[in-house]
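As you go down the protein sequences, you meet chains A and B in turn. Residues 478 to 633 in the working numbering are what the first sequence spells out, letter by letter. Residues 751 to 1135 in the working numbering are what the second sequence spells out, letter by letter. What follows is a short report on a single structure.
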Amino acid sequence: MTRDSPGGAECLTEYVTVVVDGQLFGLPIAQAQDVFMPELLTRVPLSGPEIAGILNLRGRIVTAVDLRCRLGLSRRQDAARPMAVGIEWRGESYGLLVDAVGEVIKLADSGREPNPVNLDAKFARVSVGVHRLEAQLMVVLDVERVLGSAAEPIAA
Amino acid sequence: MLRLRNKLLPLARLDQLLGIAGAASSEAEGGFIVVVQVGSQTFGIVVDAVFHTEEIVVKPMSTKLRHIPTFSGNTILGDGSVIMIIDPNGIAQAIGAGAAQVSEPAADAQRAESDVKAVSLLVFRAGSAELKAVPLSLVTRLEEVDCRKIELSGGRHLVQYRGQLMPLVRLKDEFRIRTEGRQPLLVFSDRGRSMGLAVDEIVDIVEEKLDIEVPGETPGSLGCAVIRGQATEVVDVGYFLPLAFQDWFRRNDAQVAGGPKSLLLVDDSAFFRNMLCPVLEAAGYEVTAAAGAEEALAILKSGRQFELIVTDIEMPGMSGYELAEAVRNENRAANVTLIALSALASEATIERGRRAGFDNFVAKFDRQGLIAALKQASLQWVEAA
């Protein structure tokens, strides 16, 4: 949520943080619907590699997109259960599968920097900038880039 | 390839089409074949198992998945799981042009002619080794229920089915409803009510010209016909429906306003006359049946007045078209509402029917459509009055 802080003109954005392969990402709260544990995932044969399957979330059919596969990372260990962030995008429901969901943090927009040149290219593809937090770098996810460019079928 | 009912049937393995075939499955011999017809092309889809039938609402696939031609949509089942809906057109495409060439044009053309009166019949066994049949168009669904779910209440067998209590009906009192395993049922549904006819075994679905050669002597039997070369008893579903619900045919929305209307039903097939008469009478019409156009004209010439004439088109001798023209040329009956019944409701036949003077054209097995057409006709009278 972007809004003015009570103190002055500084704009703050709330992010829900997620971790994929040890890297911290932030997704603007405005773009996230909810966080859930994906259960009873139905795999979809012939779909793109990043499609983990479809599932029933409170009566709605949600397409689960695995952020690991989207980023070209290795598959999750079978024992590790993913978490999902629910996203409404172009009128459809998606669940972005991540390794873990962190917390909700509020950051000043002024602290956001463009993607540094040394940022891993696979992260840069889905990001619109970074925040330097105390201990680590948070890559700001852009839903349009995560889901949009993958909307076309990926030629096998 | 499979030879089924003397036709070669191209087969496609669903696991291979979906790219999920494991190493083991290529040798597996079990499984089922789902026979699908897309346009003129018939083929079989090999699957591992068949669970049951379910009525679903197909939801469109996500835009990320819509490019996959094998699926037409997805849905949420009653147990909350999500499934993909297979698109037979997509499968047909995947099987490719090879399958299309298998069709046997000469044989097909020949069959089309003899198919004029062909009816899809569901052949089953119940209570004995004899074959029995009902028109498939009357059957809403085939089900198998777990015998533990069959309850006895008030001397009748009931099963909880899709949120309702569905009575089970037996063809004969001697027939024993199974107590263990699964009980196959033919489910007949009409306006929110269902009944299950308990059977031993569903044998086949056949397309056959239905000629009842020996009329039935016991209630519940329309008679015997030769189906696939075997004498088969044709069951009168109309007899069993009121056993489940006494008022099956007498429910309000089928009633005709303003007293009974007289109706002349013309069909050369005893089977259809027997099937439609009770339905029409229950809907509030005074039905007179005629076994042909000549007989119908004779009845009209005798001075009987009818508000409605429902006639079959394909009849030996004088056709339904000729009957309609003759009726329209007859002054006394010029105002009658004429409804055509035909197994072949193509645009051309409908147009020909209109020119012959029919007010409406209803597909032969569309009972609801017929009642709706009749109701529409009675509304027009009210407006005209």
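Where a beta carbon is used, it is the ideal one built from N, C-alpha and C, also for glycine.
Contact set for residue i: own chain, Cβ-Cβ below 6 Å, skip 5 residues either direction
i	result
L614 of chain A	V607
L915 of chain B	L908
A994 of chain B	P917, V919 and M945
G970 of chain B	D986 and Y989
A1123 of chain B	I1089, N1110 and V1112
A1134 of chain B	Here the model assigns A1134 of chain B a pLDDT of 49, short of 50, so the residue's position is not dependable, and the following value carries that caveat. Cβ neighbours of A1134 of chain B beyond the five flanking positions: none.
Check whether residue i and residue j have beta carbons under 9 Å apart
i	j	result
D986 of chain B	D1018 of chain B	no
K1114 of chain B	S1092 of chain B	yes
L768 of chain B	P522 of chain A	yes
G1059 of chain B	L1013 of chain B	Note on identity: in this sequence residue 1059 of chain B is Ile, with Gly being the wrong assignment. Cβ distance < 9 Å, so I1059 of chain B and L1013 of chain B count as in contact.
L596 of chain A	S604 of chain A	yes
I538 of chain A	K809 of chain B	yes
A1039 of chain B	G1070 of chain B	no
V895 of chain B	R932 of chain B	yes
M1025 of chain B	G988 of chain B	yes
V623 of chain A	F600 of chain A	no
V1037 of chain B	L1073 of chain B	no
E565 of chain A	D543 of chain A	no
D586 of chain A	R545 of chain A	no
L872 of chain B	A879 of chain B	no
A1033 of chain B	I1121 of chain B	yes
E893 of chain B	H802 of chain B	yes
D798 of chain B	F821 of chain B	no
E1044 of chain B	G1067 of chain B	yes
V949 of chain B	A1048 of chain B	no
V620 of chain A	L504 of chain A	yes
L618 of chain A	F502 of chain A	yes
S887 of chain B	S903 of chain B	no
F1022 of chain B	I952 of chain B	no
V786 of chain B	A842 of chain B	yes
Integer-rounded CB distance, given that residue j should sit under 8 Å from residue i
i	j	result
G840 of chain B	P819 of chain B	4 Å
V562 of chain A	L573 of chain A	5 Å
A1106 of chain B	E1075 of chain B	5 Å
L736 of chain B	V800 of chain B	Only positions 751 to 1135 of chain B appear in this structure, which leaves residue 736 of chain B out of reach.
E1057 of chain B	V1077 of chain B	At roughly 13 Å, the Cβ-Cβ gap does not stay under 8 Å, so E1057 of chain B and V1077 of chain B are not in contact.
G830 of chain B	M811 of chain B	At roughly 19 Å, the Cβ-Cβ gap does not stay under 8 Å, so G830 of chain B and M811 of chain B are not in contact.
T982 of chain B	A975 of chain B	6 Å
Chain-order list of residues whose beta-carbon lies under 7 Å from that of residue i (same chain, five-residue window excluded)
i	result
I1100 of chain B	F1111
S853 of chain B	Low per-residue confidence applies at S853 of chain B: pLDDT is 44, beneath 50, and the placement is therefore not dependable enough to give any value.
R926 of chain B	none
G625 of chain A	none
Residue i - containing alpha helix (DSSP H), residue span
i	result
C546 of chain A	L544 to R547
N533 of chain A	Taken as a continuous stretch (DSSP letters only), N533 of chain A belongs to no alpha helix (DSSP H), being part of the beta strand (DSSP E) at I528 to L534.
F990 of chain B	V987 to A994
A1113 of chain B	Taken as a continuous stretch (DSSP letters only), A1113 of chain B belongs to no alpha helix (DSSP H), being part of the beta strand (DSSP E) at N1110 to A1113.
F600 of chain A	A598 to A601
R1102 of chain B	E1097 to A1106
Q508 of chain A	Where Q508 of chain A is concerned, there is no enclosing alpha helix (DSSP H), given that its DSSP letter is neither H nor E.
R609 of chain A	It is not in any alpha helix (DSSP H) - R609 of chain A instead sits in the beta strand (DSSP E) that spans S604 to R609.
K809 of chain B	Segment: none, K809 of chain B is in no alpha helix (DSSP H) and carries neither H nor E.
A1076 of chain B	G1070 to N1079
Residues near residue i by beta carbon distance below 8 Å, same chain, minus five either side
i	result
G828 of chain B	E804
E569 of chain A	T540
T825 of chain B	I806, V807, V808, K809, V832, I833 and I835
K899 of chain B	V909 and Q910
L518 of chain A	A529, G530, I531, L532 and A541
A844 of chain B	A762, L767, P819 and T820
Limits of the beta strand (DSSP E) - the one that residue i falls within
i	result
I564 of chain A	M560 to W566
L1013 of chain B	K1011 to V1016
G973 of chain B	S971 to I977
M912 of chain B	Here residue 912 of chain B is Arg; the residue named in the question, Met, does not match the sequence. Note, R912 of chain B: premise wrong, no beta strand (DSSP E); not H, not E.
I835 of chain B	V832 to I836
Q613 of chain A	Counting along the chain, Q613 of chain A falls outside any beta strand (DSSP E), and DSSP gives it neither H nor E.
V956 of chain B	E951 to K959
E1045 of chain B	It is not in any beta strand (DSSP E) - E1045 of chain B instead sits in the alpha helix (DSSP H) that spans A1043 to K1051.
- Query: Counting Cβ pairs closer than 8 Å, one from the stretch 920–940 of chain B and one from the stretch 957–967 of chain B, do we hit at least three?
  - Reply: These segments do not touch.
- Hey, is the stretch 490–499 of chain A in contact with the stretch 579–589 of chain A, meaning 3+ C-beta pairs nearer than 8 Å? Contact between the stretch 490–499 of chain A and the stretch 579–589 of chain A is present, because at least three Cβ pairs lie under 8 Å.
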